[in-house]
Structure formats: structure tokens, C-alpha cells
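Presented below is the structure to which this report refers.
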Amino acid sequence: MRTSLLDRLLALALVPILGPVVALLAWLVRRREGPPAFVGLARVGEGGRVFTMWKLRSMRAEAPDGSATGSAITGAADARITTTGAWLRRWRIDELPQLWNVLRGEM
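Number 32 in this note's numbering belongs to position 27 of the sequence shown; there are no gaps in the numbering.
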């Protein structure tokens with residue numbers, strides 16, 4: 006309980022700083038790669054509760070040649086990773102929207 010409260014308070018303090026950064030990055034993803042800027046992934050949280058974990062989109066649904074690799078595990082050479090997405094992943098900033106999940110107490 007204490008950790009969850011501390012996590013939420015820290016996330017709340019970071020929103021005014023990181024919120025504009027996430028908005029700018031979402032705009033960049035939409036402009037360079039097309040919509041959507043965010044992707045929601047189903048995850049299982051504490052107590053088996055399913056929630057949607059948010060990330061900035063870093064991949065295409067299909068590889069540029071039109072084939073879907075179908076692999077759940079992606080590597081640096083995966084053709085579905087966008088140019089912008091590779092940069093987001095390198096700096097791990099595609100994870101910033103998860104601040105919302107922390108605020109909601111899901112993570």
C-alpha cells in the first residue's frame with residue numbers, strides 16, 4: 006500500500022514535466038509514421054486484473070514488404086520497427102505513457 010501511494014505521488018509530480026514531452030513525441034510519431042501514436046497492450050496486473058498498458062507506437066502492424074512476421078519477440082533488426090520507433094526504443098522513451106498506468110494504480 007505504501008509503495009503504491011509513493012509510486013502514484015511520484016507519477017503525479019512527474020506529469021507536469023513529462024506530459025508535454027509525451028505530447029510532443031506522440032505528435033512526432035503521428036507526423037512521421039501516421040496514426041495511431043499510442044498502442045494499448047493487454048497486461049495482467051496484481052490479483053490477475055487485466056489492464057491496458059500504454060506505449061508510444063514504435064512498430065508497424067506489418068513489415069514493409071507486407072508480410073507479418075508473427076513473432077511476439079522483436080529484435081533490433083525487426084523490419085516492423087519504424088525509424089522513429091527505433092529512436093524511441095533506444096532511449097526507452099516509448100515507455101513514458103505508462104506513467105498514466107502508474108497514476109491509475111495499475112502498475
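Virtual Cβ for every residue (Gly too), placed ideally from N, Cα, C.
Small disclaimer: the values here were computed from a predicted structure and weren't measured.
| Query | Result |
| --- | --- |
| So, helix, strand or coil for R37, using DSSP? | helix |
| Measure how close the beta-carbons of L61 and P102 come, nearest whole angstrom, since I'm counting them as under 8 angstroms. | 6 angstroms |
| Less than 8 angstroms between the C-beta atoms of A16 and L93, yes or no? | no |
| Looking at the strands, I want to know which residues DSSP matches up with G45. | W59 |
| Keeping to the same chain, check which residues put their C-beta closer than 7 angstroms to that of V49; ignore five residues upstream and five downstream. | V55 |
| Report the option in R7, N106, A91 whose CA atom is closest to the CA atom of V34. | A91 |
| Looking only at its chain, what residues have a beta carbon closer than 7 angstroms to the beta carbon of G39, apart from the 5 residues adjacent to it on each side? | none |
| Note the first and the last residue of the continuous alpha helix (DSSP H) segment covering G90. | 88-95 |
| How about R85 and M58: are their beta carbons less than 8 angstroms apart? | no |
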